[in-house]
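Numbering-wise (the working numbering), the sequence shown opens with residue 9 and increments by one.
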Amino acid sequence: MDTATRRLLKIGVLAGSFLVAACQTAKLTDLKPGERPNIQSTEAGLWLQADRMEQRVQRQGNLIRDPELHRYLHGIICRLSAEHCPQIRVYIVERAGFNASMTPNGMMIVQSGLMLRTQNEAQLAYVLGHEMAHYIRRHTLQRWQTVKESAGFMMIVGLALGASGFGSASPVVNAAVVGGIFANNRENEREADRLGLEMLAKAGYAPDQASKVWSNLIAEKDAMAENDSGRSFFATHPDEGERKEKLTQLAAALPPAKSKPTVNKKPFIKAIDRHKSRWLEKELRLGKFDRTTVLLDLLKKESGANGSLHYFQGELFRKRNDEGDVENAIKAYKLALTFDDAPAKTHRALGLIYRAQGNKPDAKSALADYLRLRPQAEDKAMIRHYLETMK
């Protein structure tokens, strides 16, 4: 073994020991209700940054400012943890895709796309409880400590490599550190799953609903293209199949509930129903048609077929515009109109397709129906112009 190889092996041992230290930070105590960090601590600095972020969030144009929906979500949070709920502020953001997050200072952000993908209050409560677990276990501070220690590790390894004649730290070493941080993140996710599930069961919700959230997300992920940005959500989380299985096992191992666990489907539907159409439009604007198809199938299965969902199915076909999609869109719109809750814009969508096809009689009929149902529609001048040109 030559001298250079021996040096490299020694550096490898050094790197390994620092990497273990960097990714195994000391376990922190849980955040107590009402607790604030010492003003001179690192944690206080994280809270300050989170406070500034919260001020920006409060000014965002895509916030859903629905007091009733906010009361509903905050009620779930208080049911999960009456002790911590006074310190938690929830912000609902109108954004496609499944996500929620929580900062160290008690700010919780919930995306509208998440609520579209949960089927009842128990499933939503599991996700909220999971985020609260990150907050209570102070996972942001843990991750910050890992990053800080990993940065120190990189500096030491870089000096060692330079002194040994190998130049700066290699991409392999960088990858090892990043991998260690991600592994730490994944362990945080597992811990949040466990604590979130315990909170769910203690609050009287059906714990088997937690794994069902992941069943739905797995189906959506399987439909995603390899370059779909939505895959980034899964990158720093445990394997979703493993996660579903573990949650199933944990739920089965919980002691029997004293009373029948609830899923609370009706209150959940009532809380989000008036927003669903707008949220679905957001999803369609992403142009991720494969995963939106999975979402629509889930909603149809859970809510039953209705005019609104068939309208959005037609919109998906129209926007995707693959071979045969125009005909499929027409079929979906027509099916939507067999239901009493079909949106008035279904007539407009049909009329515009017929107009593009040169089918003036059906175009005029559909567009006239649209104006009859929506006489004050924002696009009424344009629709009237189209009707005039088809006389």
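Beta carbons: idealized from backbone N, C-alpha and C, even for Gly. Just so we're clear, the structure is a prediction, and the values are computed from it rather than from any experiment.
| query | result |
| --- | --- |
| Starting from V271, trace the alpha helix (DSSP H) both ways and give me its first and last residue. | It is not in any alpha helix (DSSP H) - V271 carries neither H nor E in the DSSP assignment. |
| Please state if the CB of I100 and the CB of H78 are separated by a distance shorter than 8 Å. | yes |
| Could you pull out every residue in the same chain whose Cβ sits closer than 6 Å to the Cβ of A191, ignoring the five residues on either side in sequence? | For A191, the predicted structure reports a pLDDT of 42, less than 50, and the residue's modelled location is therefore unreliable. The matter cannot be settled from this model. |
| Are the beta-carbon atoms belonging to Q95 and G137 less than 8 Å from one another? | no |
| For the region 55 to 115, list the alpha helix (DSSP H) runs that are entirely contained and at least 4 residues long, ordered along the chain. | 75 to 88 |
| For Y213, which residues does DSSP report across the bridge? | T270 |
| In its own chain, which residues sit with a C-beta less than 8 Å from the C-beta of L292, not counting the 5 before and 5 after it? | T300, F320, E323, L324 and K327 |
| Cβ of V155 less than 8 Å from any chain B Cβ? | Looking for chain B here will not work: only one protein chain is present. |
| Just to check my reading of the structure: A108 and E139 have Cβ atoms closer than 8 Å, yes? What is that Cβ distance to the nearest angstrom? | 5 Å |
| For G249, report the span of its alpha helix (DSSP H) as first-last. | E248 to A261 |
| Please classify L307 as buried or exposed, where buried requires at least 16 neighbouring CB atoms within 10 angstroms. | buried |
| In chain order, what residues of the same chain lie with their CB nearer than 6 Å to the CB of E51, ignoring the 5 residues before and after it? | P45 and L149 |
| What residue range is occupied by the uninterrupted alpha helix (DSSP H) comprising S120? | S120 to R125 |
| Assuming N128 contacts V271 (C-beta within less than 8 Å), just tell me the rounded distance between them. | 4 Å |
| Whole angstroms is fine: what's the gap from R356's alpha carbon to G315's? | 14 Å |
| Mapping DSSP to helix, strand and coil, what is I361? | helix |
| Roughly how far, in whole angstroms, is the beta-carbon of A352 from the beta-carbon of H318, given that I think they are within contact range, below 8 Å? | The pair is not a contact, with the Cβ atoms about 14 Å apart (cut-off 8 Å). |
| Strictly by DSSP, which residues pair up with T117? | For the record, residue 117 in the displayed sequence is Ile; it is not Thr. I117 is bridged to Y99 and S109. |
| Quick check: the Cα distance between S89 and F276, rounded to an integer number of angstroms? | 19 Å |
| Could you work out which residue in S267, V135 and R60 is closest to G212 when comparing CA atoms only? | S267 |
| For the alpha helix (DSSP H) containing I391, list its first residue and its last residue. | K388 to T397 |
| Where does M448 fall in DSSP's three states? | Because the chain spans 9 through 399 in this model, residue 448 falls outside it and cannot be assessed. |
| Cβ atoms of N113 and E197: under 8 Å apart, would you say? | no |
| Are the beta-carbon atoms of L288 and P215 separated by less than 8 Å? | no |
| Report the residue from A130, M110 and A218 whose alpha carbon sits nearest the alpha carbon of E253. | A218 |
| Between the C-alpha atoms of R125 and T397, what's the straight-line distance to the nearest angstrom? | 43 Å |
| Rounded to whole angstroms, what is the Cα-Cα separation between R251 and R146? | 21 Å |
| Just to confirm, is the Cβ distance from W152 to L54 under 8 Å? | yes |
| Can you find the residues in the same chain that come closer than 6 Å, C-beta to C-beta, to I144, ignoring five residues on each side of it along the sequence? | D38 and L39 |
| Taking the straight line between their C-alpha atoms, what separation do you get for E248 and I226? | 7 Å |
| Figure out for me which residue from H142, S223 and G359 has the closest Cα to the Cα of R194. | H142 |
| Just mark D298 as buried or exposed, buried being the case when its beta carbon has 16 or more other beta carbons within 10 Å. | exposed |
| Which of helix, strand or coil does DSSP assign to D281? | helix |
| Which value, in whole angstroms, describes the spacing of the CA atoms of K309 and D281? | 16 Å |
| Straight-line CA distance for E228 to V302? | 6 Å |
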